[in-house]
Amino acid sequence: MIENENTWLKAIQNNTTDEFHKKFDQALESLKNELGKTYPLIINGKEIEFDQTFEVRSPSDTSIILGKFPLATKEHTDQAILAAKEAFHSWSQTHYTERVKLFFQLADNFSAQKFRLAAIISMENGKNRLEAMGEIDETIDFLRFYADQLDTNQGFVKPTKSANPNEKTQSVLKPYGVWGIIPPFNFPSAIAIGMSSGALITANTVVLKPASDTPISAFQFVDAIYRKIPAGAINLVTGKGNIVGQAIIENPDVSGIAFTGSKEVGISGFRTFTRDMPKPFISEMGGKNPVIVTNSADLEKATDGVLRAAFGYGGQKCSACSRVYVEKNIANQFLEKLVSKTKQLKIGLPWEKDTYLGPVINENARKKYEKAVEEAKKDGKIVFGGSVLKDGQYQRGYYVQPTIVTDLPKNHHLIKEELFLPFLCVQEFENFDDAIKQANDSEYGLTAGIFSQDKKQIDEFFSKIEAGVTYANRAQSATTGAVVQAQPFVGWKSSGISGKGAGGAYYLTQFLREQTQTICNET
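Using our numbering, you'd call the opening residue of the sequence shown number 61 and step up by one each time.
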């Protein structure tokens with residue numbers, strides 16, 4: 061087993077939090093020299109630049125141009141896929157111990173520059189400095205854990221029982237070929253690199269198309285590794301999803317896809333990719349994650365856990381808590397505590413020391429927030445929040461208030477649809493069985509939580525809840541913050557396709573297919 065990175069926790073334990081903040085501030089200062097630079101595509105081991113580019117601006121302050129990236133065409137994408145196909149034989153013949161060694165080295169490399177990488181994330185997608193560092197820690201954990209898994213399983217070669225004395229047999233898990241990796245904006249390092257690493261360490265080759273809002277973190281990974289492996293084994297192609305992403309999904313030379321994003325895009329991609337033949341499509345496609353709070357709950361823990369799960373990174377996590385079912389006789393007390401704590405959250409530039417909540421990712425997200433607020437006012441009651449912040453320090457970014465809504469009809473689409481916003485719906489229940497039923501009444505099944513001191517209720521929750529990642533009485537976050545190797549991140553129902561979780565023991569095998577090998581020694 062690996063030791064998780066846990067940078068902030070170790071800083072607390074070692075009484076070095078001041079040093080943590082000093083290093084983060086120094087990293088921010090050093091990034092000023094990199095702002096506005098032009099980044100290349102990386103195809104077949106070469107860096108490719110051309111005139112057609114798009115700007116990546118910080119959602120926290122859109123006057124800050126973080127960088128410029130090429131607008132790749134379908135032709136560029138096809139070139140990258142061809143390069144990956146041609147590199148496959150060489151990379152797949154690399155012994156698993158060499159791959160293990162490389163990924164452990166890469167993890168150490170990332171660990172050595174973690175403050176710089178975390179500062180990039182904070183500027184790139186608006187995470188506060190603690191969440192940004194948490195993402196880099198998760199990235200490092202993925203690199204080490206997958207290397208450890210490959211090493212522990214000895215490259216996934218396993219002797220099997222021989223059918224007769226004259227035969228020697230074994231099971232070998234082998235790579236498929238070229239994998240397209242399509243990650244989201246919200247975890248531009250952990251998810252992008254986690255999925256890419258799963259494919260690459262198992263000897264597949266990779267074409268990585270990062271989210272257009274957040275391509276810089278993915279570039280850091282590809283730049284760190286592409287010179288150390290066969291040319292074309294990993295390729296970075298940036299640009300529009302309907303051009304680059306679509307070209308990856310439609311190309312017959314792509315053997316597998318790892319995707320994280322919306323259900324609509326994921327299902328559409330799955331249907332297109334598997335239209336002509338069955339091929340692996342690993343996906344995680346969001347959630348509408350419930351928390352149940354019963355009358356025996358510790359309300360301090362419950363409100364802390366719900367607040368952090370709902371409003372951490374502005375609810376822009378597929379695991380974010382977006383609906384809470386509270387037992388009726390404690391609902392008012394729960395809401396009072398939750399609103400009081402939410403009022404204290406500092407909103408501002410995410411890389412500043414005391415900021416809790418930064419911006420939403422872009423203008424479309426802000427418009428979606430405004431629409432949700434309008435509907436909540438019409439069909440329910442906003443007990444806190446509901447405003448777009450535009451004055452003073454907020455005028456150059458996409459800042460909104462964390463919002464708490466009650467009294468919506470139980471089948472209202474704000475309770476049913478994933479919003480990806482700091483927007484929490486609180487509903488009341490009288491019967492625990494009904495709370496479970498309402499929590500399960502969703503097409504999604506990613507994460508879920510409960511706060512209760514009743515062991516029977518907790519057991520019933522774990523028995524009946526339809527979600528892949530579940531928690532009881534977790535004050536640090538009711539539904540978010542799964543840790544690599546401790547809590548595999550897996551979605552049920554429309555939240556995922558494969559049923560195997562990232563950061564878990566079964567994840568790598570999805571990038572491999574089994575071959576049985578039998579040698580006969582008859583004379």
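Note that beta-carbon positions come from the ideal geometry of N, C-alpha and C, so glycine has one too.
My output table needs one value for residue i: the three-state DSSP class, helix, strand or coil.
i, result
"residue 383", "strand"
"residue 330", "helix"
"residue 247", "coil"
"residue 411", "coil"
"residue 189", "helix"
"residue 573", "strand"
"residue 442", "strand"
"residue 214", "helix"
"residue 76", "coil"
"residue 543", "coil"
"residue 310", "helix"
"residue 302", "helix"
"residue 99", "coil"
"residue 92", "coil"
"residue 504", "strand"
"residue 363", "helix"
"residue 194", "helix"
"residue 234", "strand"
"residue 321", "coil"
"residue 61", "coil"
"residue 356", "coil"
"residue 336", "coil"
"residue 376", "coil"
Would you please state the rounded distance, in angstroms, between the beta carbons of residue i and residue j? I believe it to be under 8 Å.
i, j, result
"residue 292", "residue 143", "3 Å"
"residue 402", "residue 444", "6 Å"
"residue 386", "residue 353", "5 Å"
"residue 407", "residue 458", "About 11 Å; that fails the 8 Å criterion."
"residue 203", "residue 170", "7 Å"
"residue 511", "residue 369", "11 Å between Cβ atoms; not a contact."
"residue 417", "residue 398", "No, residue 417 and residue 398 are not in contact; Cβ-Cβ is about 15 Å, not under 8 Å."
"residue 18", "residue 255", "Because the chain is modelled from 61 through 583, residue 18 falls outside the range shown and cannot be assessed."
"residue 113", "residue 130", "6 Å"
"residue 383", "residue 419", "That belief does not hold up - the Cβ atoms of residue 383 and residue 419 are roughly 23 Å apart, past 8 Å."
"residue 294", "residue 285", "6 Å"
"residue 272", "residue 300", "7 Å"
"residue 545", "residue 216", "That belief does not hold up - the Cβ atoms of residue 545 and residue 216 are roughly 18 Å apart, past 8 Å."
"residue 553", "residue 503", "6 Å"
"residue 296", "residue 102", "4 Å"
"residue 372", "residue 537", "7 Å"
Compute the minimum distance between the beta carbon of residue i and the heavy atoms of the ligand MG, and state whether it is under 7 Å.
i, result
"residue 568", "Ligands are entirely absent from the displayed structure, and the ligand MG is therefore not among its contents."
Could you spell out the range, first to last residue, of the alpha helix (DSSP H) harbouring residue i?
i, result
"residue 151", "134-152"
"residue 588", "This structure cannot speak to residue 588, because the chain is shown only from 61 to 583."
"residue 171", "156-172"
"residue 279", "276-285"
"residue 475", "473-476"
"residue 520", "515-524"
Locate the beta strand (DSSP E) running through residue i, then write down its first and last residues.
i, result
"residue 392", "Taken as a continuous stretch (DSSP letters only), residue 392 belongs to no beta strand (DSSP E), being part of the alpha helix (DSSP H) at 391-403."
"residue 489", "483-489"
"residue 507", "507-511"
"residue 343", "341-344"
"residue 226", "Note, residue 226: premise wrong, no beta strand (DSSP E); not H, not E."
"residue 106", "106-108"
"residue 352", "349-353"
What does residue i pair with, by DSSP beta-bridge criteria?
i, result
"residue 316", "239"
"residue 121", "118"
"residue 130", "113"
"residue 266", "239 and 294"
"residue 449", "459"
"residue 562", "549"
"residue 532", "510"
"residue 579", "228"
"residue 466", "441 and 486"
"residue 556", "344"
"residue 219", "230"
Decide if the stretch 302-318 is in contact with the stretch 227-245; the criterion is three or more beta carbon pairs, one per stretch, under 8 Å apart. yes
Three or more C-beta pairs below 8 Å linking the stretch 259-266 and the stretch 148-165: yes
Quick check: the stretch 468-485 against the stretch 435-443, are there 3 or more CB pairs under 8 Å? yes
Cβ pair count under 8 Å reaching 3, the stretch 524-544 against the stretch 362-382: yes
Are there three or more Cβ pairs, one per stretch, closer than 8 Å when the stretch 473-487 is compared with the stretch 415-435? yes
Would you call the stretch 121-138 and the stretch 157-173 touching, i.e. three or more CB-CB distances under 8 Å? no
Inter-stretch contact at 8 Å, needing at least 3 Cβ pairs: the stretch 289-306 / the stretch 128-140: yes
Tell me whether the stretch 64-71 and the stretch 92-100 touch, counting them as touching only if at least three CB pairs, one residue from each stretch, are closer than 8 Å. no
Check whether the stretch 339-346 touches the stretch 549-569, taking contact to mean three or more Cβ pairs, one atom from each stretch, closer than 8 Å. yes
Across the stretch 228-237 and the stretch 189-196, are there enough close Cβ pairs to call them in contact, namely three or more that are closer than 8 Å? no
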